[in-house]
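Numbering (the working numbering), first residue to last: -2 to 252.
Report on the following structure.
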Amino acid sequence: MDIRSYNSKAWDNQVDSNNPWTIPVSPETIAAARRGDFRVLLTEQKFVPADWFPALPGLDVLCLAGSGGQQAPILAAAGANVTVLDNAPKQLARDREVAERENLALTLVEGDMADLAMFEDESFDFIFHPVSNLFVPDVRPVWREAYRVLRPGGTLLAGFMNPVFYLFDYDLAEKGEMVVRYALPYSDLENLPKERLQAYVDAGEPLEFGHTLTDQIGGQTEAGFSIVGFYEDRMRDIVISEHTPTYIATRAVKR
Ligand SMILES: C[S@@+](CC[C@H](N)C(=O)[O-])C[C@H]1O[C@@H](n2cnc3c(N)ncnc32)[C@H](O)[C@@H]1O
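Spelled out as structure tokens, the structure:
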């Protein structure tokens, strides 16, 4: 299966079914961001600490796999020059919608987070990468490419899944039962029983990969980043969150 093309259509489906990560922000949120009063999510519930942001006006920002009419227009309204790269045309259309509604300049690029060849080395000051690398089979190229396109001293904020999430049978976990079924690294394509995988594909659901912390955190440091900030967050309405945080956020600097 061509996973990039499959997940592109699957995320377009998420837009059609109003997944919360595809719903554009309100005019009030943009007006507040224009006054410098903004909050954005890298994970699901906790807002990114304000001191994780440099002064945004005039900064070249890449929202990496971060479309959906949310963070990119907020950062643009706060004064940054924002480029959004995403794999799903309908997700990018959400950002276009907000940009047109609010008269904001956004550069929209359809592409793969693992291949940023369309950008020169050292093109950006700041990369905002919300939880999305669960949709690629290999995260190492994502960190290497992010490092390459950042200017020295630039910052990468990344949200990603705590891999422990992928140990459990997800369908049972949704019903409140925790059953350890899988090992890490995890792949929907390779590890789901055939009929369960087929049911996800028939429903047009995005397919996911559970990366190890060696790939998530070690992958960033190996690419050259220094990690200078960390927090965890929890998914709503799922029993796993009663036992462990399910998301990790890191702040990393290109020295
Ligand atoms: C959970 S959404 C993240 C964006 C959202 N605005 C948020 O607040 O978290 C995941 C995004 O990753 C994008 N995506 C999935 N696979 C991708 C890939 N290979 N390259 C770029 N974007 C990808 C999806 O299209 C989707 O917009």
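C-beta: ideal position from N, C-alpha, C; glycine also.
Indicate, with yes or no, if ligand 1 has a heavy atom lying under 8 Å from the CB of Thr19.
yes
Are the CB atoms of Pro134 and Asp9 nearer to each other than 9 Å?
no
Over the uninterrupted beta strand (DSSP E) stretch that includes Pro149, give me the two end residues.
Leu147 to Met158
Cβ-based burial, Ser23 [other Cβ within 10 Å; buried from 16]:
exposed
Take the Cβ of Asp122 as the centre, count every other Cβ of all protein chains shown within 10 Å, and call the residue buried at 16 or more, exposed below.
buried
Excluding five sequence neighbours on each side, which residues of the same chain lie with their C-beta closer than 8 Å to the C-beta of Tyr197?
Asp185, Leu189 and Leu204
Less than 8 Å separating the Cβ of Ala170 from some heavy atom of ligand 1?
no
Per DSSP, cross-strand counterpart(s) of Gly226:
Arg248
Counting only the same chain and skipping the five closest in sequence on each side, list residues whose C-beta sits under 8 Å from that of Asp109.
Arg1, Asn84 and Val133
So, using beta-carbon positions, are Tyr179 and Tyr163 closer together than 9 Å?
yes
DSSP-derived helix/strand/coil call for Val95
helix
Ranges of the alpha helix (DSSP H) found wholly within the region 72 to 146, counting only runs of at least 4:
86 to 99 and 137 to 146
Which runs of the beta strand (DSSP E) spanning at least 3 residues fall entirely within the region 3 to 65, listed in chain order?
57 to 61
How about the region 95 to 107 and the region 23 to 41: do they share at least three Cβ pairs that are nearer than 8 Å?
yes
Could you tell me whether the Cβ atoms of Leu153 and Leu147 are closer together than 9 Å?
yes
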